[in-house]
Structures are given as C-alpha cells and as structure tokens.
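Asks:
Number of protein chains: 2
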Amino acid sequence: MTTIRSFNPPIRTLMGPGPSDVHPRILEAMARPTIGHLDPVFVGMMDEMKSLLHYAFRTRNELTLPVSAPGSAGMETCFVNLVEPGDKVIVCQNGVFGGRMKENVERSGATAIMVKDEWGKPVDPNKVAEALAAHPDAKIVAFVQAETSTGALSDAETITRLAHDQGCLVIVDAVTSLGGSPLEVDAWGIDAIYSGSQKCLSCAPGLSPVSFGPRAVEKIKARKTPCQSWFLDLSLVMNYWGGGTKRAYHHTAPINGLYGLHEALVMLQEEGVEHSWKRHTDMHEALKAGFEALGLSFVVPEGSRLPQLNSVTIPQGVDDAAVRGLLLKRYGLEIGAGLGDLAGKIWRVGLMGHGASAKNVVFCLTALEAVLSEMKAPIAAGVAVPAAQAVLAAKGY
Amino acid sequence: MTTIRSFNPPIRTLMGPGPSDVHPRILEAMARPTIGHLDPVFVGMMDEMKSLLHYAFRTRNELTLPVSAPGSAGMETCFVNLVEPGDKVIVCQNGVFGGRMKENVERSGATAIMVKDEWGKPVDPNKVAEALAAHPDAKIVAFVQAETSTGALSDAETITRLAHDQGCLVIVDAVTSLGGSPLEVDAWGIDAIYSGSQKCLSCAPGLSPVSFGPRAVEKIKARKTPCQSWFLDLSLVMNYWGGGTKRAYHHTAPINGLYGLHEALVMLQEEGVEHSWKRHTDMHEALKAGFEALGLSFVVPEGSRLPQLNSVTIPQGVDDAAVRGLLLKRYGLEIGAGLGDLAGKIWRVGLMGHGASAKNVVFCLTALEAVLSEMKAPIAAGVAVPAAQAVLAAKGY
C-alpha cells in the first residue's frame with residue numbers, strides 16, 4: 328500500500344451546527360497521559376464529572392453520566408432504556424432529530440404518535456396537548472428542545488408540564504442547548520435528557536451527557552423485558568458509573584475524551600452557566616444585526632430562535648455549495664448547510680461555546696459579505712460589521 | 328458546589344488488560360485542532376483510515392471502519408447487524424467475553440447455543456464441530472480469538488473453516504489481538520470482526536475498528552427486519568463511511584479520537600504489522616522467563632498463550648489487592664486483576680502496543696519482585712531480571 332503519513336488537519340473556524348471550535352485547554356486536556364478506567368484517581372475524576380454534569384444540567388439526578396459515544400448514542404440510551412415493546416410514544420417532529428426519535432421508538436418495538444410542526448417552527452404545545460388527549464394510553468412524550476437542523480427552540484418547560492399532567496414521562500433532546508440556552512432539568516421536572524459534547528461545551532465530539540430523574544429510573548427498574556442494547560443498558564452501565572468506590576467493569580471508558588469533557592465542564596463552571604447562556608444570546612444579537620444589515624432573513628420566527636444556531640435563507644440565485652466552498656477554502660471558515668428539505672435553501676451558522684465570541688461574529692460577517700459580494704449576490708455592503716459592533720458595544724463587550 | 332479544577336492525571340505504566348500506554352505521538356495527534364466531520368480534508372483522512380485498517384486487519388473488505396464507540400459497541404455492531412430474531416447462533420465461551428456475546432445474541436432475539444471451555448483454555452474446535460453437527464440450522468458461529476479475561480488464544484482459522492463448512496458465518500472478537508497476534512481476515516475468510524483501539528494499537532480507548540466480508544454484507548442486505556440499533560445500523564453508517572466524496576451525515580464522528588487512531592495505524596504501518604506481532608512474542612518470552620524465574624506459573628497452557636496478555640496465578644497467601652495497590656501507589660504500575668471466577672486468583676499483565684518493550688518487561692519484574700519480597704511471598708529473588716535479559720539478548724534486543 329502507499330505509505331500514509333501523520334494527519335495534520337488545517338486550522339478551521341467552525342461556525343456550523345457542530346462540532347464547534349474546541350478550546351485549546353480542552354485539546355490539551357485530551358492529550359494528557361491515559362490512565363486506567365478503574366484507577367482510583369480516575370474514579371475520583373468520574374465523581375467530579377458527575378458533579379459538573381449536575382451543575383450544567385441543573386439537576387441532582389443520581390443517574391447522570393456521559394455515555395461513551397456521540398449524541399446519537401445518548402438519544403438511543405434514552406429510548407432503549409425507557410421504551411418497552413408495545414409502548415405508545417408521542418414524538419414531536421419539527422426537524423431532522425424528531426424523525427430520528429421516531430426511528431428509535433419503532434426500533435424499540437413501540438408505536439410512535441407523531442406531532443408534526445413545520446421545519447423552522449417550534450413544537451406547538453397545543454398540538455402536544457391534543458395528541459395527549461387523543462392518546463390517553465401514551466407513556467412518553469419525546470421532543471427536541473433545540474432543533475439543530477433548523478435553529479428552533481421549543482418550550483421544554485411547557486411540554487414537560489403537559490406530559491406530566493397526563494402521567495407521561497418526557498425524553499428531551501438537549502444536544503445543542505446544553506450550556507447555550509436556559510435548561511432546568513430539576514425545576515422543569517425533565518425525566519430523561521441527552522446532550523452532546525461538541526456543541527455549546529466546546530468539547531470534541533464523541534460523548535453524550537445524559538441524566539435520568541426518579542420517574543425514569545422507576546420505569547427502567549420496572550421493565551418487563553431486558554434493554555435491547557447491552558452497551559447502552561443503564562442497569563449495567565451504572566455498576567461502573569454509579570457512586571461509591573467499588574466500580575465494576577462494564578466497558579472501557581474513553582479516558583482521554585473524558586479528560587476533555589471534564590475540562591469543558593470546569594470551564595463552564597468557571598464562567599458560570601447563566602453567564603454562558605447570556606453570552607450566547609448577546610453574540611446572537613450581534614450576528615443577527617449583521618445578518619439583517621446584509622439583507623439576510625432568519626428561518627425561525629423571532630422569539631423561537633436558538634442563539635447558538637442561526638439559520639438564514641440563502642439569497643435567490645446564490646450557489647450554496649460555491650459560497651460554503653469558498654469560505655472554507657479561502658478563509659478556513661465552516662458554516663453549515665441545510666438538511667433534508669432545507670438543503671440548498673438555508674445556511675446554519677453556529678455560535679457555540681467559546682466560538683460564541685465577538686471575534687467570530689465579525690469574522691463571519693466579513694468573510695460572508697466578501698464572498699457574497701464577489702459572487703454578485705444581492706446584499707448590502709459595508710454595513711454588517713458596524714451593525715454588529717453597535718450591538719456588541721451596547722452590551723458592554 | 329465545590330469548585331472543581333482541571334484534572335491532571337498521574338503518570339502510570341499501564342500493564343493491565345488495557346487500556347495500554349498510549350504513545351506520545353498518539354496523545355499529541357488527539358490534541359490537533361478539531362475540524363468538521365464533513366470537511367473535505369477530514370473525508371480524505373477517512374479514506375486513509377480505511378486503507379490503514381485494511382492493512383492492520385489484512386483485508387480488502389469494503390465495509391471496514393472504526394465504530395464511534397469502545398470495543399463493546401463494536402461487538403454489538405456485529406451482532407445487531409448480522410443476527411435476526413429467531414436465528415440460532417453458536418457462541419463459544421472460554422472467558423468473560425464469550426458470555427457477553429451470549430447477551431448480545433439473546434438481546435437480538437436469537438438463540439445462543441453455548442460451547443463452553445474452561446476459563447484459561449482455548450476454544451476447543453472439536454466441540455465447535457460437535458455443536459455444528461448437532462445444530463445444522465445454526466446461522467453464525469461467534470468466538471473470541473484473544474480472550475482478554477484469561478489470556479487464551481483460540482485458533483480462529485480452524486474455527487472459521489469449520490463454520491464455513493456448514494455454511495455458517497463467523498463473528499470474531501479481536502479486541503486484544505489486532506496488531507499483537509497474527510490475524511488474517513481475508514486469508515482465513517473471517518466474515519465479521521471487531522477490535523478496540525486501546526490494546527495493541529497503543530491508542531486511547533473509545534473506538535472499535537470493524538470489518539465485514541462479502542457474505543456478511545449479503546446477510547445484512549437480506550435482513551427481513553431493520554437493525555434494532557439506529558446508532559449502529561451499518562446500512563446507515565455506510566452512507567457516511569462509504570467510499571466516494573459524497574458523505575451523508577449519520578452521526579457526528581469523534582474527530583479527535585479518530586486523529587489518534589489514524590496516528591496509531593500509521594505507526595503500525597511504519598513498524599510493519601508482522602514485526603509488531605514478533606515484538607509482542609519476543610517481549611512475552613522475556614517476561615515469561617522472568618515470571619518463571621520468580622516462581623509464578625501461567626494460567627494458560629503453553630501454545631495457547633497470548634503474548635500480549637500474560638495471566639499468572641497469584642502465589643498462595645498473597646493479598647491480590649494489596650500487591651496491586653502498592654504497585655500502583657509506589658511505582659505507578661498498573662497490572663490487571665482477575666475477572667469473574669478468577670478474581671483474586673490471577674493477575675493479568677499486558678504487553679500491548681508500544682508497551683511491549685524491554686523497558687516494561689524489566690520494570691514490571693523489578694517492581695513485582697520488590698513488592699512480593701516485602702510482603703514475604705514465596706518467590707525466588709534476584710533471578711527474574713537476569714532471566715528476562717538473557718532472552719532479550721538472545722533475540723537481539
């Protein structure tokens with residue numbers, strides 16, 4: 328075979344839907360020496376990890392841990408542990424990830440009752456209430472708080488309350504919200520939640536923080552059938568991640584990835600999670616002012632926009648792939664394409680974690696304006712950065 | 328909450344059953360800047376990864392990729408994709424991991440026919456032949472080539488031939504063998520195989536290289552029921568890992584972990600996989616001479632011993648946990664405990680990847696002899712290192 332050399336990636340600025348730029352402190356943490364997954368020092372780190380996840384999720388749930396695989400596996404962990412064959416699950420879909428939830432429900436041998444909203448809109452709580460009324464035997468309501476495919480924020484508190492009123496549990500996708508948008512697992516009573524390391528935590532992809540409340544734990548304990556996944560079976564995983572000094576081997580934990588997540592959560596604690604939420608909103612406001620000055624319009628209605636994921640409509644006549652390609656080639660700037668029906672129609676611009684910065688806001692506006700101008704797109708020139716800067720100045724940055 | 332600081336792990340020497348010591352080049356690779364999972368440069372790295380895995384597995388199987396989770400998920404990938412409800416699967420068990428295969432079979436809705444051998448012994452091909460004769464309707468034979476819980480090496484070539492003679496596919500656990508012991512996926516006709524990053528590749532834990540041959544792909548394509556796991560469904564994963572420049576998003580790949588695996592495989596190619604196999608054997612011979620000089624006896628019969636995992640019986644009257652605890656505390660040396668019925672009865676000493684070195688051989692012998700002497704264990708003093716060194720010298724190290 329041809330000799331293959333070490334891989335040295337280029338330096339990018341990641342302003343897509345994730346992975347976001349990983350902070351140098353986190354990259355450095357991942358390069359620390361590997362130790363054993365049963366080493367007492369590592370076990371101490373695991374205890375800290377749980378405390379840090381409690382802080383980030385705003386919960387005291389005992390069953391809180393990082394699944395040893397990306398967010399999709401966190402999603403599957405929730406479904407295969409909580410859903411039993413024959414269950415009826417109400418699944419809200421307003422983008423790609425609601426559809427993935429449906430797949431998870433059906434592959435768990437259950438029935439998915441779909442509550443559909445237009446892509447780009449939040450989940451409509453009235454439709455959820457109607458579905459609950461029409462299906463009094465539903466066991467679970469599953470929805471995405473922060474729909475990464477569109478940038479829509481749904482009202483997790485209200486949907487959870489509606490579900491609880493009818494005795495349903497909720498499963499919440501917080502992959503893109505954790506650390507970037509208000510999220511109150513205990514105050515809102517969320518029963519099961521999963522997130523990802525590679526969004527607003529600025530960590531490398533590969534881990535999925537999850538948390539399960541008392542009602543969820545009860546449902547898991549009362550299962551009549553074993554969890555269909557051995558790898559994701561929480562009754563087994565907890566022998567390793569459960570409290571105490573006696574940790575039983577289940578699978579080999581991704582040690583260095585966990586170093587990175589620990590560092591990311593330490594940084595979140597240093598900043599303060601509420602400050603992080605505010606910073607994401609402030610940077611979104613600045614970027615929004617710039618986008619609007621350029622003449623770009625948002626996909627998601629005001630009031631339901633995720634600050635960390637800004638979806639805008641691609642101006643008529645502009646070649647999606649050519650713009651993204653040139654931004655990447657010339658400026659090393661990655662922005663996201665649309666998914667599914669929105670492919671070629673929207674861009675998704677992420678402001679996540681430490682990438683939610685004034686630097687990234689003006690860089691993105693500058694590069695996008697330059698490339699769109701070169702391509703003779705119908706945009707207003709010379710006004711985006713000043714508009715963004717005015718917001719930044721007003722907010723004290 | 329109490330303020331939690333950055334985690335700085337101690338420096339260990341990892342001579343347990345894995346994770347093994349991660350080479351500094353690999354640690355450094357994991358700290359390189361994260362880029363997007365659809366970045367054309369990353370896609371180029373994925374193509375290289377496939378070539379490197381082809382080299383390591385000695386295969387040309389198109390369906391060869393690293394699963395984005397630890398070896399246990401690689402195991403589950405094989406079972407949930409290849410096993411259908413109602414199938415009959417012959418599972419060979421001679422340690423912990425055969426038992427885990429049984430769990431996977433049953434959770435896939437299939438029946439496991441167990442072929443049991445004593446822990447520490449290799450799988451007996453005669454028993455496999457008997458089971459095949461007794462169950463002509465079996466679809467798959469699953470076995471562990473390198474049983475990490477005991478250090479026994481089974482004859483993968485012979486078991487595969489027996490299975491094929493009856494039209495069965497094989498699923499092979501090569502978690503501990505890949506890179507450390509001869510393994511010929513194409514020459515032996517192995518249909519499905521999984522491994523782990525954290526053993527003889529000296530990489531951090533968290534990834535599981537897998538490979539599927541043409542018969543396995545045919546069985547996957549002919550499935551009557553969808554794969555029960557969305558995350559591990561190869562028909563979906565292949566839209567991302569499949570060849571060509573068009574890669575469809577499935578889940579966010581663990582970018583930095585993949586940098587590490589790429590570097591580990593580049594290093595394997597630099598050394599040459601056959602040289603790596605020989606080095607593991609040479610270091611095992613040296614360690615064995617030292618252990619025998621100390622008076623320790625091997626658990627696995629000569630001829631079936633894995634060079635990379637040396638299981639020895641704990642001398643009578645010696646406190647297992649006290650010895651391992653002191654080795655760790657005083658010398659930063661981790662060796663492995665026994666699992667299951669062998670807990671407290673054996674130690675498992677790994678010589679894996681770049682840890683299969685003369686330095687580690689003499690360090691382990693020195694530290695173990697010192698600690699056992701201090702604890703007044705019945706061992707011979709002052710002879711282990713000379714015995715090991717004689718082997719090293721004879722082999723030209």
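Protein chains in written order, with the numbering used here: chain A, 328 to 724; chain B, 328 to 724. Note that beta-carbon positions come from the ideal geometry of N, C-alpha and C, so glycine has one too. Owing to the predicted nature of the structure, the values given are computational and were not obtained by experimental measurement.
(1) Give a yes or no on contact between the region 691 to 705 of chain A and the region 539 to 552 of chain A, applying the rule of three or more CB pairs nearer than 8 Å.
(2) Using a cut-off of 9 Å between C-beta atoms, extract the partners of C582(A) located in chain B.
(3) What's the gap between the Cα of G671(A) and the Cα of E597(A)?
(4) Along the chain, where does the alpha helix (DSSP H) containing Q725(B) start, and where does it finish?
(5) Sort V698(B), S562(B) and F558(B) by Cα distance to H578(B) and report the nearest one.
(6) Assuming A465(A) contacts I440(A) (C-beta within less than 8 Å), just tell me the rounded distance between them.
(7) Just mark Q635(B) as buried or exposed, buried being the case when its beta carbon has 16 or more other beta carbons within 10 Å.
(8) Could you say which of V626(A), L505(A), T552(A) and D451(A) lies nearest to L489(A) if we only look at CA atoms?
(9) Which residues in chain A sit within 9 Å of L392(B), going by Cβ to Cβ distance?
(10) Using only alpha-carbon positions, find the residue among T329(A), S504(A), W515(A) and F470(A) that is nearest to E484(A).
(11) Exposed or buried, what is N431(A) when buried is set at 16 or more other beta-carbons lying within 10 Å of its beta-carbon?
(12) For a test of the three-state rule: what should DSSP assign to I362(A), helix, strand or coil?
(13) For S378(B), which three-state DSSP category applies?
(14) Using a Cβ-Cβ cut-off of less than 8 Å, give me the residues of the region 686 to 710 of chain B that come near chain A, in sequence order.
(15) Beta-carbon within less than 8 Å of H491(B)'s beta-carbon, same chain only, minus the 5 sequence neighbours each way: which residues are those?
(16) If S524(B) and P532(B) are in contact, beta carbons under 8 Å, what's the gap, nearest whole angstrom?
(17) Just list the residues that DSSP pairs P344(B) with in beta bridges.
(18) Mind pulling the chain A residues with CB within less than 8 Å of R359(B)?
(19) Among residues of its own chain, excluding the 5 on either side of A697(B), which ones have a beta-carbon nearer than 8 Å to its beta-carbon?
(20) Against chain A, with Cβ distances strictly below 9 Å, would T579(B) count as a contact?
(21) Any idea what DSSP makes of N453(A), helix, strand or coil?
(22) Nearest to V712(B) by CA position, among L695(B), M702(B), M373(B) and G723(B), is which residue?
(23) Please specify which runs of the alpha helix (DSSP H), each continuous and at least 4 residues long, are wholly inside the region 515 to 550 of chain A, giving them in chain order.
(24) If you check the beta carbons only, do S638(A) and G478(A) fall under 9 Å apart?
(25) Taking V502(A) as part of the beta strand (DSSP E), name the residues at either end of that continuous run.
(26) Spatial neighbours of Y586(A) within its chain, please: C-beta separation below 7 Å, excluding the five flanking residues on both sides.
(27) Please compile the residues from chain B whose C-beta is within a distance smaller than 7 Å of the C-beta of I498(A).
(28) Roughly how many angstroms lie between the CA atoms of L347(A) and A519(A), to the nearest whole one?
(29) Under 9 Å, do V455(B) and V499(B) count as touching if we go by C-beta distance?
(30) Note down the Cα distance separating S529(B) from G682(B), rounded to an integer number of angstroms.
(31) Taking buried to mean at least 16 other C-beta atoms within 10 Å of its own C-beta, is S556(B) buried or exposed?
(32) Start and end of the alpha helix (DSSP H) containing A721(A)?
(33) For the putative contact between L480(A) and R675(A), defined by C-beta atoms under 8 Å, what is the C-beta separation to the nearest angstrom?
(34) Show which residues of chain B have a CB atom less than 9 Å away from the CB atom of G343(A).
(35) Would you mind telling me which residues of chain A sit closer than 7 Å to P553(B), beta carbon to beta carbon, in chain order?
Replies: Let me lay it out:
(1) no
(2) Note that residue 582(A) is Ile in the sequence shown here, rather than Cys. Residues of chain B passing the Cβ test: P336, P346, V349, Q525, A531, P532 and G533.
(3) 39 Å
(4) Any question about residue 725(B) goes unanswered here, given that chain B covers just 328 to 724.
(5) F558(B)
(6) 6 Å
(7) buried
(8) D451(A)
(9) Those do not exist, as L392(B) stays about 14 Å from chain A at its closest Cβ, beyond 9 Å.
(10) W515(A)
(11) buried
(12) coil
(13) helix
(14) none
(15) V497 and G516
(16) 6 Å
(17) Looking at the DSSP assignment, P344(B) forms no beta bridge with any residue, so it has no partner.
(18) F334, N335, P336 and L354
(19) none
(20) yes
(21) helix
(22) L695(B)
(23) 541 to 548
(24) yes
(25) V502(A) -> no beta strand (DSSP E), and no H or E assigned at all.
(26) A356, M357 and R359
(27) Simply none; closest approach about 14 Å.
(28) One detail in the question is off: residue 347(A) reads as Ser in this sequence, not Leu. About 25 Å.
(29) no
(30) 8 Å
(31) buried
(32) A711 to A721
(33) The Cβ separation is near 14 Å, so there is no contact.
(34) G363 and L365
(35) R434
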